[in-house]
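Put into C-alpha cells, the structure is as follows:
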C-alpha cells in the first residue's frame, strides 16, 4: 500500500474500538516487540503486502482481526500509524526465533532481480492492475509520486544491476569525469571557474538589456553541454564591459574579478579545449581509442606552465591509463567477431569463444576469459590465413598482452561471483547485500603487485561502489538476521556500531 493512501477513520464505533484496553495492550505489545527492519523505513511495511506466502497472509489477516474484529476496514483505509503497528507485530512473529515453525521469515526478505514484473506484482498484491500501475500516481507522505516512494525498494531489486555497472565502469573513460576530477585536483582552477560563472550570471541580464549582441555573446556554464570553454572565452572577450556593469550593480565579488589574470584564464581554456564540447572535443561522451593518443600528447608537461595546469594534467593522465584495458577488451571483441565471420571457431576447437553483448552482465569477463588459453590456436589460424590471402591478419593479436589479460580476469571474477549470488532465486539475498559489497570494496583496495592499468581499474571500481552501491540501514541490519553474517564483520566498524545501537534500542541484542 502506498503510504499516501492512509485514511483516518472518524467513525464513532471505530474510535470506541481503538480506545478498548485490549486493543491498547495489543498495540503496546506490537511496539515493544517490533522487528527492527520495519522501524527503519516504510519500505518493509510495503514489502509485507508483496509476499505471496499463505503463512504471511494468514498472519497478517489474523493481526488485523485482533485489532478490528469482524468490522475490519479495507487495508487501503487504515490509518498510516496503525498500519505500521500491524506490520511491526507481524515482523515480531517472523523474527522471533521461537516462531520460525509458524512463519517463515525468509519469505519476508525481497529477492534482488532486474525484472520489472516483480514491482508490478507488488502493485497487483494490493489490488492495482499493471495498467494502472504504469499510469496512475499516488500522493505519498512526502508529497512525491509513487516512483519516488518506491525508490529504495527498486534499489534492492536492482542491486545486481548496480554491481554490474560498477564492474563495467573501469572499462570506459567519460570526458565529464575527466574534467571534474581534474578540477578537484586544482582548487585554484575550480575557484577561478566559479568566480567567472557567478559574475556572468549576475550581470548577463543587465548587459543584454543594453546590448543584445554582447548579452548573446556571454555564456555561463551549461550543464547540458558541460562547456567551461565557452564561458571562459566569453568572459575574456567581454571582460571590460562586464566589470563596468558589475561595478554599477555594486557586485560584492568585484575585487576577485579584477584580480583574475587573463594569462590564467587562457591557460585554463587551452587545457580544457580537448575535453570540452565548446572546444574541439569529439562528440562521443567517452574517450575513444582514436583520440586517446592525441590526449596523451596534450598532457605533456611544458616548461614554465602554471602549477594548477600541471596538477590537472597529472590527474587526467592517471585516469587515462585505463584506456589500455579498454583497448585490450576491444581487440578481444573484434578478434572473436572476425573468427566468427571466418567460420573458424569449430575448426579451432574454440566454440567456447564468446561474443560481447553490451546488455549482458559480466560481458567483459566472458569475452576475456574465452580468449585466454586459446591464443596459441588463434595465432596459428591467423598466420595460415595471412599466408593464404596475403593480408596481415596475424597482427590482430599484436596488441594483446597475456599478463594484462590474466590480471583483468582476476580483477573481474569477484564481481561475477557476487552478482550471481545476489541474483539467486532460491534463497534470501537481502542479507547478502552488505557482505557482497563489503567483499568487493576490500577486493578493490590497493594491491602493490598490480600493474598501473589494474590499479586504475580498482580505484575506479571502488569509487563507483562507494557512490552507486551505498548500503542503507535496512541492508546492514538484514545481515544480522542471517546466521552466516550475524557477527556483522562484513560491515565497517562505524556501521557495525550503528546497527548494534539500533538493535539494543529495540531489545533484540
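In UniProt numbering, the protein residues as written are 1 to 509. By construction, the Cβ of each residue, glycine as well, lies at the ideal position given by its N, Cα and C atoms. Given the structure is predicted, the values throughout are model-derived calculations rather than measurements.
- Residue 286 sits in a strand when the DSSP states are folded into three classes.
- Taking the Cα positions, residue 195 is about 10 Å away from residue 189.
- Just so you know, the alpha carbons of residue 410 and residue 338 end up roughly 26 Å apart.
- DSSP places residue 338 in the uninterrupted alpha helix (DSSP H) bounded by 323-342.
- The three-state reading of DSSP puts residue 311 in helix, counting H, G and I together.
- Proximity to residue 160 across 420, 234, 474 and 249 peaks at 420, based on C-alpha coordinates.
- Contact between residue 434 and residue 479 holds, since their C-beta atoms are separated by about 4 Å, short of 8 Å.
- Rounded to whole angstroms, the gap between the alpha carbons of residue 291 and residue 213 is 35 Å.
- In the DSSP assignment, residue 174 forms a beta bridge with 286.
- Look at residue 227 here: in three-state DSSP terms it is strand.
- Note on residue 429: 16 or more other CB atoms within 10 angstroms of its CB, so buried under the neighbour-count rule.
- Looking from the CA of residue 202, the closest CA among 174, 257 and 181 belongs to 257.
- Taking C-alpha positions only, residue 456 is separated from residue 450 by approximately 9 Å.
- Sorting 204, 240, 248 and 320 by C-alpha distance to the C-alpha of residue 454 places 320 at the top.
- In chain order, 396 place their CB closer than 6 Å to the CB of residue 335, counting only its own chain and leaving out the 5 sequence neighbours on each side.
- The C-alpha of residue 281 is placed about 5 Å away from the C-alpha of residue 274.
- Annotation: the continuous alpha helix (DSSP H) that includes residue 474 extends over 473-480.
- Judged by DSSP in its simplified three-state form, residue 487 adopts coil rather than helix or strand.
- The C-beta distance from residue 178 to residue 309 rounds to 14 Å, too long to fall under 8 Å, and the pair is not in contact.
- In the three-state DSSP reduction, residue 469 falls in the coil class, being neither helix nor strand.
- Counting of Cβ neighbours within 10 angstroms places residue 466 among the exposed residues, the total staying below 16.
- Rounded to the nearest whole angstrom, the C-alpha separation of residue 474 and residue 162 is 17 Å.
- Around the beta carbon of residue 176, fewer than 16 other beta carbons lie within 10 angstroms, which makes this residue exposed.
- Cα atoms of residue 312 and residue 185: separation of roughly 6 Å, rounded to the nearest angstrom.
- For residue 240, the uninterrupted alpha helix (DSSP H) segment begins and ends at 239-248.
- By the neighbour-count definition (other C-beta atoms within 10 Å, threshold 16), residue 207 is a buried residue.
- Counting only residues of its own chain and dropping the five nearest sequence neighbours on each side, residue 169 has a CB closer than 7 Å to the CB of 460, 461 and 464.
- Annotated as proximal: residue 231 and residue 221, with beta-carbon spacing under 7 Å.
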